[in-house]
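Trainee: Take a look at this one; I'll ask things after.
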Amino acid sequence: MKFSRILVPVTGNQADEEAVDLACSLARQNKSEIRAIYIITLKRHLPLDAEIESKIQKAEDILGHIEEVARRNNYKIETDVLQAREVGPAIINDAADQEIDLILLGIAYKVRFGEFSLGEVVPYVLKNSPCRVILYQSTYTMPSTPYLTE
17 MKFSRILVPV TGNQADEEAV DLACSLARQN KSEIRAIYII TLKRHLPLDA
67 EIESKIQKAE DILGHIEEVA RRNNYKIETD VLQAREVGPA IINDAADQEI
117 DLILLGIAYK VRFGEFSLGE VVPYVLKNSP CRVILYQSTY TMPSTPYLTE
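Following this line, the structure appears as structure tokens:
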């Protein structure tokens, strides 16, 4: 498969770095461009162009780290901070606007109600993506289960 533009949404979790490593490896094969985005979610009562300095700083710190990961892989990466009401639609809109060929989602192992969970974003992206999607689960660590005592 050939990809000319790869999108890697990042959140600041442990899967980001491994997902960018994989994106660099895939991109190198086809001389592809990589775009990493961090999405700031805003409450409905705030305008979409509201500037919340603490969230912007966090996003820039995370994207700065992602640029360093790409540099270690000898690859240049484009980064951007987006603001949206919901993450899933923001990823899909960006993929369509930027003519992305592949969305590479790094996911961490999450448990919800005692079961493994993909959350809300991953199913949304899988259902609505205008291009191929690769899910990359970072190194699995079995969550500890406390013993119940009576």
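In this text, residue positions in the sequence shown follow my numbering: the first is 17, and each later residue adds one. For each residue, glycine too, the CB sits at the ideal point set by N, CA and C.
1) Looking only at C-alpha atoms, which of Val138, Leu62 and Asn90 sits nearest to Gly104?
2) Is the separation between the beta-carbon of Ala31 and that of Ala124 shorter than 8 Å?
3) Hey, out of Gln99, Gly135, Ile116 and Ile78, whose CA is closest to Cys147's CA?
4) Apart from the five residues just before and just after Ile107, which ones in its own chain have a Cβ nearer than 6 Å to its Cβ?
5) Quick one: residues in its chain with C-beta nearer than 8 Å to the C-beta of Lys126, no 5 flanking neighbours on either side, listed in chain order?
6) Thinking just about the alpha-carbon of each residue, which of Gln99, Ala39 and Arg44 is nearest to the one in Leu58?
7) For Ala35, count neighbouring C-beta atoms within 10 Å of its own C-beta (all shown protein chains included) and say buried if the count is 16 or more, exposed if not.
8) State buried or exposed for Leu64, treating a residue as buried only when at least 16 other CB atoms are found within 10 Å of its CB.
9) Indicate the three-state DSSP secondary structure (helix, strand or coil) for Asp65 in the structure shown.
10) Looking only at C-alpha atoms, which of Asn109, Ile55 and Tyr91 sits nearest to Asn46?
11) Leu120 and Gly22 - do their beta-carbons sit closer together than 8 Å?
12) Have a look at Asp77, Gln114 and Ile50 and flag the residue whose alpha-carbon is nearest the alpha-carbon of Ala86.
Mentor: According to the structure data:
1) Here residue 104 is taken as the residue at index 88 of the sequence shown, counted from 1. Just measuring C-alpha positions, the residue of Val138, Leu62 and Asn90 sitting nearest Gly104 is Val138.
2) Your numbering for residue 31 matches position 15 in the sequence shown. Your numbering for residue 124 matches position 108 in the sequence shown. Yes.
3) For this step, residue 147 is matched to residue 131 along the sequence shown. The shortest CA-to-CA distance from Cys147 to any of Gln99, Gly135, Ile116 and Ile78 is the one to Ile116.
4) In the sequence shown, counting from the first residue as 1, residue 107 sits at position 91. Counting only Cβ-Cβ distances below 6 Å, and skipping sequence neighbours, we find Pro25 and Val141.
5) Reading the sequence shown from its first residue, position 110 is the one you call residue 126. When the five nearest sequence neighbours on each side are left out, the beta carbons in the same chain lying within less than 8 Å of the beta carbon of Lys126 are those of Phe132, Ser133, Leu134 and Gly135, in order along the chain.
6) Counting from 1 along the sequence shown, the entry for residue 58 is found at position 42. Each of Gln99, Ala39 and Arg44 was checked against the Cα of Leu58, and the nearest Cα belongs to Gln99.
7) Looking up residue 35 in the sequence shown gives position 19. Its Cβ being crowded by 16 or more others within 10 Å, Ala35 is buried.
8) On the sequence shown, position 48 is the one that residue 64 refers to. Result: exposed.
9) By one-based count along the sequence shown, residue 65 stands at place 49. Assignment of Asp65 by DSSP, reduced to helix, strand and coil, places it in the coil class.
10) For this step, residue 46 is matched to residue 30 along the sequence shown. Closest by alpha carbon: Tyr91.
11) The residue labelled residue 22 in the question sits at position 6 within the sequence shown. The residue labelled residue 120 in the question sits at position 104 within the sequence shown. For clarity, residue 22 is Ile in the given sequence; the question names Gly instead. Yes, the Cβ-Cβ distance between Ile22 and Leu120 is below 8 Å.
12) Locating residue 86 in the sequence shown gives position 70, counting from the first residue. Restricting attention to Asp77, Gln114 and Ile50, the CA atom closest to the CA of Ala86 is found in Ile50.
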